[in-house]
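Written below as structure tokens is the structure these notes are about.
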Amino acid sequence: MIRQTLRQTVAQLTSVLHQRDGQRTRQLLLSPGQFGLGLVPERRQPDAITSMVCGYCSTGCSLDVHLQDGQAINLTPTSEYPVNLGMACPKGWESLRVLDSPDRATTPLLKNQRGRLEAVGWDTALRTFVERIKQIQAQHGAESVAFISTGQIATEEMALLGALAKFGMGLVHGDGNTRQCMATSVVAYKQAFGFDAPPYTYQDFEESDVLMLVGANLCLAHPILWERVVRNPHDPQIIVVDPRTTETAMQATRHLALKPKSDLALFYGLAQVLLEEGWIDRLFIEAHTSGFSEFATFLRPFTPEVVEAATGIDEATLRDIARIIHEGRRVSFWWTMGVNQGYEAVRTAQAIINLALMTGNIGRPGTGANSITGQCNAMGSRLFSNTTNLLGGYDFLDAEHRRKVANILGIDDACIPSRNSWAYHEIVEGILQGKIKGLWIIATNPAHSWINQGQLHDILGRLDFLAVQDMYHNTETARRADLVLPAAAWGEKEGTFINSERRIGTIKKVRQAPGMALADFSIFRLIAHYWGCAELLSEWDSPPAVFQILKRLSAGQPCDISGIEDYQMLDRLGGIQWPFPSDDPPSEQQRRLFADGRFYHPDGRARFLFEAPRPMPEPPNNKYPFLLLTGRGSASQWHTQTRTRQSPVLRKLCPQEIYVEINPLHARELAIKPNELVLVESQRGCLWAKAFLTATVRPGQVFIPMHYDATNQLTDAVFDPYSKQPSYKACAVRIRRESVSTKSTSRGRP
Amino acid sequence: MSVDVNHNFEPVNASGFSLVDMLLDEQRQPTAVETFARLQVADRLPTQEKYYRELLPLSPPRPGEQYAFEVDLDRCSGCKACVTACHTLNGLDENEVWRDVGLLHGGTTDLPVLQHVTTACHHCLEPACLIACPVNAYEKDPLTGIVKHLDDQCFGCQYCVLACPYDVPKFNKKKGIVRKCDMCSQRLAVGEAPACVQACPHEAIRIKVVDRQDVAHDCESSLFLPGAPDPQLTLPTTNYKSRRPLPRNTLPVDYFRVRREDSHLPLVLMLVLTQLSVGAFLIDLLLKSIVTFDREVLFAVHPVHCAAALLFGVTALASSTCHLGRPLYAFRAVLGLRHSWLSREIVAFGLFSALAGLYACSSWLWPTAQENVSLTKALGAAVVGSGVLAVFCSAMVYQATRRPFWNAVGVNTKFFLTTAWLGLAAALLTSMIAVGWSGSLSASQALTAYGELLCKLLLGVSAAKLTFESLTFLHLRAKHTTPLKRTALLLVGPLAGVTWKRFGLGAVGGLALPALLLQSQTFRPGPGFSDQAIALIVSGLFLASLAGELLERYLFFVAAVAPRMPGGLA
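Top to bottom, those sequences are chains Y and P.
Under the working numbering, the first residue of the first sequence is numbered 1, with each subsequent residue one higher.
Under the working numbering, the first residue of the second sequence is numbered 1, with each subsequent residue one higher.
Written out as structure tokens, the structure reads:
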């Protein structure tokens, strides 16, 4: 007894001196998470789990959200989802963190007499919204108000927005920020295949024996798609076409560091070699395509010499690449923003499509001409935003289509505009010309992301009324608003997203939105109510109800989803790719299009589309000797960083200050030291950036990531003529060191 | 479409129904759990297991072996999912990360190289953190080799942060302790993969069983990763493998970045004041043994001097506890005596302060005993001896981190010269205070005996110290960006203001004012400065010296460029 007490006392004393366990140790204790999770922090033991699609990029990873009492407390990537196979990039891992932030918009904000944004109630905000817009419309016509939507909200929300704005409020012009990322692929596919239809499934990354990645830095921009490439068991040839030696180029078996924006010449040159060598699939071409003979004639001038002069890629390499394509049994072609954001982007995308068509690399596993999308719901926006297309991929100009849609929706077809909307840059021009007086921006940040920013800021200042609907009250754009509508974010609302491979997945309400923030869906409903057109949209009263409307709209279209019962079915089957028609619902989880060789043009044939390359609009010159490339900087930064900068961990994982990549050769010429601040100027603006001297950018080129707000001070507002997508990736700049004394005075914006 | 500006909408209808309220209410309801909650998975294995099964060793380490991270550089694409997964799956605090991803680059324009590098704790064979820890809060698991941190044992001294060449232990200010990667030992224990291994989309990180002797042998070559600290320091077990040799010019992208290190202000104060205190007792002993004192002067000055010296020492030690995240546990520092210089420093200063307290008390209680009692002499010698030992331990604390700026010669020289400098300055000051205190003594009377000696010594010491410190600038001429060159670049770059002030104050307090006193014949019979003027000059001399030394010690920390693993762009 005494001995025991003694022993205990000794133990206690020892633990005071050397304590192996206690409160601090227990803070890091792990315990079985159940639900197949493995160990999780004991403090964050879930009582339920649900999975939902990530809200950043178009990869569409599924995340298991860990819940306690219905509220999200943690998340892990879903192990059993055909997209991400248990993985996520840092943005996905930190998805919940960015919801808690003092920057969240928690109440509507209205600009007061002194020009300051001031908190108001929803009633005032909605009355003001409706009054101001109706006033402008009364004065300048119904179409003098436009909206800019987004690829970041649920499909149901986009559809309601499109219906409300165009059928209810009488707006004609509305576009999305998807114009900045996907418009090129949309047009390229529509023209070539007859419908905006990315033909692939992610499994193709694993099934190819040759992958050609064009203007796509998967390692940083789509790390989970790179995961799929890494899991390819066929030891594939990976050809990366990119002027820079990106992370992805580093992993390539062949890297073609072509001259910026010379892609057209390269792909025509490749096509010419394939043709000349007879390395084409004549049977496929004859059975399933049209326009090949014209294409063949067109290709003749693209001899290796011409191609070398244009691209810097020599004949041997060109022939090698053609041979690799020829020898590949399953060749897939993938592109992202390096193609889409160009002044001849549509033709470039189609030049890639042409390569797939002429070699018969489409419709089979591991093949395809495949556009990798940007935003989580860009695909939803492409089909159901009611901006470029009439809801469900229909055509505003076609009276038959309008009647059909009106019938499905039970509305008067006179409500449906019979004109196409202006594209984003036409809306911006419209403001400049005084034709657009009111603008409603939803979940996007043009004051940061739009090309030639200085000009855009001037143009936004000309509006009579700017309403911004966003989850944060202080985005570069929200700060300029007359009215800010606080929106609930991903994780705080319901709906569906459609990813790059056409897979539809759900999002759920697992967090309480802060303050008075409302789901975009609810905001649209309220606007309909205050506007007085709620009657028209009476069936659109919840995301699941709208999903049923979308099913009806899609029936019989290539994007037919009428066979999907409801959200539960989406969850049950690990997301569902369109098409999924009700009459013949397929059973496979990985599906690709065009296995039967039938395309969506009335004749069932794919088109060869081509056009002679044009010179770069603003090539480097004596005054501005460098070509500025822009793009993704890191995997932990997303677009304008409005969300990712809210996570302390994501902030740690990327450079906080803007930097410019310069080849060491030029750094030597200009006596620029590593990390030195340099002035980068274009004809339109200038910025100070830290010099990062790296041989990964070629001489004559410099690179600045797009995530920093100053980057678009420099870019040149040039657009692809077909897709109207901005050409962010090529403009002329010069670089200077300045003495320290002038730095302080000229650091500001020009 | 007609536009009706005066459309009357009724947001709240007659029955009081408000759509806004209804929707706000709806917004607060989560999606009903039963509509989506996934059913309990029947299988006992985690669903993620199929992805990481092959990334774990088949059997646990045998004797002589241990677990280690293996990173396949060819697969590390820089996505950094490992960092966020570690953060999430371990439930770390908001700002806390235990893993990091750096970037190497090099090559030529024709063949550029870009290589991301994921790094965490290397679970070294000779962990610097473990050796440094004064409270034995680190353990190297004998079976797995994992270097574990005992969070409840840690008292937040952050010495491991200084000691680890890989910047691994992270101080958590809110919790007052350090935390670090433990290779998810709880997961490994049940057959699960560490968070980073589970989460790498490209299977770039795996756990291997390595032979400890092989690791030691591999560390014979100084190649670990370009720009990374010398592996011989701690014998890190992580293996970075790649099929592609990195070109010779490969460097971390942050290689040319000069960044200031943490200033550790409480330590700045603690070091300078402890050295002042030791120095004051040292000078006291010196004077007593070589100068023949006037009794009056001795009785007046000695107690004041001892009291002041003790006061500075106690302040210093109090300040040092401010550096601890959990000062209440300071007593645990005795545990690491066998291996930790910080333990030794703490114990030595404990001894010093006890002896100094005794000595100072005796000087007040039995002032007459000062004259010639061997006991007090011995006590005085013991005070000085323990103090010198403690200062030496202080120096070794920093030397043991093996940062080049903190080399043994450099640190010892600085610390002991500070000891002498401030001891001399303090002796002058306390003499003046004693003069003021006694009322009957005059300044020149007090200083005649030893003032000149003190001033001369001071001139010598300060000249030596300032010269020694300025030797650092020679490294500016180095062809390579050595750590010492970075230190020098910091001193003349971002820290130039502090550097100027440090040398300015040093020159005033250590050179100009002592010279002025010597010049003015103050210590000789005849006309000199008035008592007030002398008091003013001595106070200025002391304050300038002290401030100068504090700045020197601030620079000592801030400019001590730490080795680290390759980092990213700033």
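Positions of the beta carbon are idealized from the N, C-alpha and C atoms, including for glycine.
Neighbour list for residue i in chain P, Cβ cutoff strictly below 7 Å
i, result
"Y:Ile-224", "Pro-201"
"Y:Gly-86", "Gln-48 and Tyr-51"
C-beta neighbour in chain Y for residue i, strict 8 Å
i, result
"P:Gly-91", "yes"
"P:Arg-75", "yes"
"P:Asn-136", "yes"
"P:Tyr-51", "yes"
"P:Leu-23", "yes"
"P:His-87", "yes"
"P:Glu-94", "yes"
"P:Thr-487", "no"
For residue i: DSSP bridge partner residues
i, result
"Y:Cys-57", "Y:Gln-375"
"P:Lys-208", "P:Ala-68"
"P:Asn-239", "P:Glu-70"
"Y:Pro-32", "Y:Leu-39"
"P:Val-147", "P:Lys-140"
"Y:Gly-51", "One point to set straight first is that residue 51 of chain Y is Ser, not Gly, in the sequence displayed. Note: Y:Ser-51 sits in a beta bridge opposite Y:Asp-64."
"Y:Gln-469", "Y:Ile-442 and Y:Leu-485"
Rounded C-alpha distance that separates residue i from residue j
i, j, result
"P:Ala-536", "P:Ala-318", "Sequence check: residue 536 of chain P is Leu here, not Ala. One C-alpha to the other measures close to 29 Å."
"Y:Glu-582", "P:Gly-567", "Reading off the sequence, residue 582 of chain Y comes out as Ser, not Glu. Answer to the nearest angstrom: the Cα atoms are 54 Å apart."
"Y:Phe-195", "Y:Val-678", "46 Å"
"Y:Ala-447", "Y:Thr-630", "17 Å"
"Y:Asp-21", "Y:Ile-441", "54 Å"
"P:Val-3", "Y:Leu-160", "Because P:Val-3 sits at a pLDDT of 43, beneath the cut-off of 50, its placement in the model cannot be relied upon, and the point is left open."
"Y:Ala-72", "Y:Leu-96", "8 Å"
"P:Val-5", "Y:Gly-162", "Because the pLDDT of P:Val-5 is 44, which lies under 50, any placement of that residue in the model is unreliable, and the number read from its coordinates should be weighed accordingly. Near 22 Å, if we compare the C-alpha coordinates of Y:Gly-162 and P:Val-5."
"Y:Arg-347", "Y:Glu-94", "38 Å"
"P:Leu-476", "Y:Gln-341", "47 Å"
"P:Pro-194", "P:Leu-188", "7 Å"
"P:Gly-506", "P:Ala-307", "25 Å"
"Y:Tyr-567", "Y:Cys-686", "49 Å"
"Y:Met-337", "Y:Val-214", "9 Å"
"P:Pro-247", "Y:Lys-435", "59 Å"
Contact list for residue i against chain Y, beta-carbon separation under 8 Å
i, result
"P:His-105", "Thr-694, Ala-695 and Thr-696"
"P:Asp-152", "Gln-19, Arg-20, Asp-21, Gly-22, Gln-23, Arg-24 and Thr-25"
Under 9 Å from the C-beta of residue i: neighbouring residues of chain Y
i, result
"P:Gln-27", "Ala-488, Glu-492, Lys-493, Lys-509, Gln-512, Ala-513, Met-516, Ala-517, Leu-518, Ala-519 and Ser-522"
"P:Val-301", "Per Cβ cutoff of 9 Å: no residues; P:Val-301 is ~43 Å from chain Y at best."
Any C-beta of chain P under 8 Å from that of residue i
i, result
"Y:Ser-636", "yes"
"Y:Val-230", "yes"
"Y:Cys-731", "no"
"Y:Ser-290", "no"
"Y:Gly-22", "yes"
"Y:Glu-501", "no"
"Y:Gly-70", "yes"
Chain Y residues whose Cβ lies nearer than 7 Å to that of residue i
i, result
"P:Ala-307", "Per Cβ cutoff of 7 Å: no residues; P:Ala-307 is ~34 Å from chain Y at best."
"P:Glu-192", "Gly-38 and Leu-39"
"P:Leu-569", "Pro-655, Tyr-659 and Phe-692"
"P:Thr-84", "Pro-90, Trp-93, Glu-94 and Val-649"
Within chain P, partners of residue i - CB distance below 8 Å
i, result
"Y:Glu-247", "Ser-77, Gly-78, Leu-114 and His-116"
Hey, is the segment 504–511 of chain Y in contact with the segment 53–70 of chain Y, meaning 3+ C-beta pairs nearer than 8 Å? yes
Take every Cβ of the segment 450–462 of chain Y, pair it with every Cβ of the segment 158–175 of chain Y, and state whether three or more of those distances are shorter than 8 Å. no
Taking 8 Å as the threshold, find out whether the segment 699–706 of chain Y comes into contact with the segment 645–661 of chain Y through three or more Cβ pairs. yes
Are the segment 284–292 of chain P and the segment 132–147 of chain P touching, with three or more C-beta to C-beta distances below 8 Å? no
Determine, using beta-carbon pairs with one atom in the segment 176–192 of chain P and one in the segment 25–38 of chain Y, whether at least three such pairs fall under 8 Å. yes
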